[in-house]
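To start, the structure itself, in structure tokens.
Residue numbers (the working numbering), protein chains in the order written: chain Z, 1 to 248; chain G, 1 to 111.
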């Protein structure tokens, strides 16, 4: 009976959403969105404060926002303050997990199987490749798909591999905590430097360079690598909390 | 069409949230709801024949037809928040299991 009532409620709510969206002028049909009439066009053309004209890959210089990846330009430049808040939410969540699960003396959770020699050595060989891929994705966040958040998640997944493939492995979690605090502090300090010297929080003080170069877009690659390190160490800390238990 | 599929997924997550009494299943329902919502937001910005909003040497100027980059950026934020809430929920679930020995809400006694 309860399930049936829930089904009816969900059906009515879904029907109401579909009806309100159907033939709504503000809601485009799938695939027929008109980007040129939206605010996104200003982000694509980098015309929020000034009009730089045509942007050609590998030639345009001194744009108001330098990354070739427009999503990165929004996440780490136009809406960088928002991203700072987002990183803070992830920090609070990892803090909460540590408070709920962490005790004073910690030992590894016992696995039901004991990995053999081949699994341990093979996973260590894979670990380096996955870690380097994560770092690569974080560093190239302003040029290619990806960035700090996927890169950080990939770094954490390499730690998860080591945890699952070796029942005695424990990361040096203190190092992760140091790295996390360093990355978060550096992000805020970069923002405050911009506030002092440029007049805006997270003002891009460095030269934007040529769009498409690895060393371009000013502070954005630096900020995104810091975000990658912070996300990676936070999720690694969460993994460590889940795979340990109290005891000697 | 994908937009209505995303709404269906969202409603599926809500149904699971209303009916399930197992903590792990509730967390999975929240995740399904979240993925449906993310799909919906991304699909709002889709342009038929549009390319990914990244300038490369092949697609090298801003006059091309790009997919709307703003929903992608917002969904990137939403995914990270989702990971945070899921981790916190699972940590609570682990503590509850250690105290009561079950994930079913109905079976948790007074002790």
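Built from N, CA and C at the ideal position, the CB exists for glycine as well.
Remember, it's a predicted structure, so these values are computed and weren't measured experimentally.
Residue i versus chain Z: which residues are under 7 Å apart at the beta carbon?
i, result
"residue 97 (chain G)", "Correct list: empty, because the minimum Cβ distance to chain Z is about 12 Å."
"residue 45 (chain G)", "33"
"residue 48 (chain G)", "31 and 32"
"residue 23 (chain G)", "The contacting residues do not exist; residue 23 (chain G) stays about 14 Å from chain Z at best."
Please check if any C-beta of chain Z sits within less than 9 Å of the C-beta of residue i.
i, result
"residue 57 (chain G)", "yes"
"residue 35 (chain G)", "no"
"residue 94 (chain G)", "yes"
"residue 108 (chain G)", "no"
"residue 39 (chain G)", "no"
"residue 113 (chain G)", "The structure shown does not extend to residue 113 (chain G), since chain G is modelled only from 1 to 111, so the question has no answer here."
"residue 54 (chain G)", "yes"
"residue 32 (chain G)", "no"
Output the distance between the C-alpha atoms of residue i and residue j, rounded to the nearest integer angstrom.
i, j, result
"residue 234 (chain Z)", "residue 186 (chain Z)", "16 Å"
"residue 221 (chain Z)", "residue 209 (chain Z)", "12 Å"
"residue 227 (chain Z)", "residue 120 (chain Z)", "30 Å"
"residue 2 (chain Z)", "residue 108 (chain Z)", "42 Å"
"residue 94 (chain Z)", "residue 63 (chain G)", "42 Å"
"residue 111 (chain Z)", "residue 244 (chain Z)", "11 Å"
"residue 224 (chain Z)", "residue 99 (chain Z)", "28 Å"
"residue 71 (chain G)", "residue 44 (chain G)", "8 Å"
"residue 68 (chain G)", "residue 8 (chain G)", "23 Å"
"residue 85 (chain G)", "residue 34 (chain G)", "11 Å"
"residue 118 (chain Z)", "residue 177 (chain Z)", "31 Å"
"residue 238 (chain Z)", "residue 16 (chain Z)", "39 Å"
"residue 161 (chain Z)", "residue 230 (chain Z)", "19 Å"
"residue 218 (chain Z)", "residue 122 (chain Z)", "39 Å"
"residue 98 (chain G)", "residue 108 (chain G)", "12 Å"
"residue 11 (chain Z)", "residue 11 (chain G)", "8 Å"
"residue 53 (chain Z)", "residue 60 (chain Z)", "9 Å"
"residue 6 (chain G)", "residue 18 (chain Z)", "11 Å"
"residue 21 (chain Z)", "residue 182 (chain Z)", "46 Å"
"residue 82 (chain G)", "residue 95 (chain G)", "20 Å"
"residue 61 (chain G)", "residue 201 (chain Z)", "30 Å"
"residue 193 (chain Z)", "residue 206 (chain Z)", "11 Å"
"residue 66 (chain G)", "residue 105 (chain G)", "48 Å"
"residue 64 (chain Z)", "residue 13 (chain G)", "41 Å"
"residue 26 (chain Z)", "residue 50 (chain G)", "20 Å"
"residue 90 (chain G)", "residue 58 (chain Z)", "46 Å"
"residue 2 (chain G)", "residue 31 (chain G)", "18 Å"
"residue 83 (chain Z)", "residue 77 (chain Z)", "9 Å"
When you compare the CB of residue i with every CB in chain G, is at least one pair closer than 9 Å?
i, result
"residue 221 (chain Z)", "no"
"residue 225 (chain Z)", "no"
"residue 108 (chain Z)", "no"
"residue 51 (chain Z)", "no"
"residue 216 (chain Z)", "no"
"residue 205 (chain Z)", "no"
"residue 120 (chain Z)", "no"
"residue 143 (chain Z)", "yes"
"residue 149 (chain Z)", "yes"
"residue 210 (chain Z)", "no"
"residue 241 (chain Z)", "yes"
Run down chain G in chain order and give the residues with a C-beta less than 9 Å from the C-beta of residue i.
i, result
"residue 54 (chain Z)", "61, 62 and 63"
"residue 38 (chain Z)", "45, 68 and 70"
"residue 100 (chain Z)", "88, 91, 92, 94 and 95"
"residue 2 (chain Z)", "18 and 19"
Below 9 Å on C-beta distance, what does residue i contact in chain Z?
i, result
"residue 156 (chain G)", "Since the displayed chain G opens at 1 and closes at 111, residue 156 (chain G) lies outside it and no answer follows."
"residue 11 (chain G)", "10, 11, 13, 14 and 17"
"residue 51 (chain G)", "By Cβ distance, chain Z contributes nothing, its closest Cβ being about 11 Å from residue 51 (chain G), past 9 Å."
"residue 26 (chain G)", "In chain order: nothing, as chain Z lies at least about 13 Å away."
Give the interface partners of residue i over in chain G, defined as CB-CB distance under 8 Å, in chain order.
i, result
"residue 8 (chain Z)", "None at all; the shortest Cβ gap to chain G is about 10 Å."
"residue 86 (chain Z)", "77, 80 and 81"
"residue 82 (chain Z)", "77"
"residue 237 (chain Z)", "Correct list: empty, because the minimum Cβ distance to chain G is about 10 Å."
"residue 45 (chain Z)", "62"
"residue 79 (chain Z)", "73"
"residue 48 (chain Z)", "In chain order: nothing, as chain G lies at least about 12 Å away."
"residue 188 (chain Z)", "The premise fails here: residue 188 (chain Z) is roughly 18 Å from chain G at the closest Cβ pair, so nothing lies under 8 Å."
Note down, in chain order, every chain Z residue with its Cβ under 8 Å from the Cβ of residue i.
i, result
"residue 84 (chain G)", "89, 90, 92, 93 and 94"
"residue 15 (chain G)", "6, 7 and 10"
"residue 105 (chain G)", "Chain Z residues near residue 105 (chain G): none, gap ~13 Å exceeds 8 Å."
Name, please, each residue of chain G whose Cβ falls closer than 7 Å to the Cβ of residue i.
i, result
"residue 137 (chain Z)", "Within 7 Å Cβ-Cβ: nothing; residue 137 (chain Z) doesn't reach chain G, min ~13 Å."
"residue 127 (chain Z)", "Ordered by position in chain G, no residue passes the 7 Å Cβ test against residue 127 (chain Z), which lies about 21 Å from the chain."
**Asked** Taking one C-beta from the stretch 53 to 61 of chain G and one from the stretch 13 to 22 of chain G each time, how about it: are there three or more such pairs within less than 8 Å?
**Response** When Cβ pairs closer than 8 Å are counted between the two stretches, the stretch 53 to 61 of chain G is seen not to touch the stretch 13 to 22 of chain G, the count staying below three.
**Message:** Beta carbons nearer than 9 Å to chain C: which residues of the stretch 171 to 186 of chain Z have them?
**Reply:** Although the question refers to chain C, the structure presented lacks it and instead comprises the protein chains Z and G.
**Asked** Does the stretch 70 to 78 of chain G come close enough to the stretch 65 to 77 of chain Z that 3 or more CB-CB pairs lie under 8 Å?
**Response** Flag = yes, the stretch 65 to 77 of chain Z and the stretch 70 to 78 of chain G touch.
**Inter-stretch contact (C-beta, 8 Å, three-pair minimum) for the stretch 24 to 37 of chain G and the stretch 17 to 37 of chain Z** = No, the stretch 24 to 37 of chain G does not touch the stretch 17 to 37 of chain Z.
**Prompt:** Taking a cut of 9 Å between CB atoms, which residues from the stretch 17 to 32 of chain Z lie near chain G?
**Reply:** Listed by position, the residues of the stretch 17 to 32 of chain Z near chain G (Cβ gap below 9 Å) are 17, 18, 21, 27, 28, 29, 30, 31 and 32.
**Asked** Pairing CB atoms from the stretch 129 to 147 of chain Z with CB atoms from the stretch 48 to 58 of chain Z, are three or more of them under 8 Å?
**Response** Touching, no.
**Asked** Are three or more beta carbon pairs between the stretch 154 to 162 of chain Z and the stretch 122 to 130 of chain Z nearer than 8 Å?
**Response** Cβ pair count under 8 Å is three or more, so yes.
**Request:** Could you say if the stretch 37 to 52 of chain G and the stretch 6 to 25 of chain Z meet the contact criterion of at least three C-beta pairs nearer than 8 Å?
**Result:** Cβ pair count under 8 Å is below three, so no.
**Message:** Please identify, using Cβ separations under 7 Å, the residues of the stretch 59 to 76 of chain Z that lie next to chain G, in order along the chain.
**Reply:** In summary, the residues of the stretch 59 to 76 of chain Z whose CB is separated from some CB of chain G by less than 7 Å are 68, 69, 70, 71, 74 and 75, in the order they occur in the chain.
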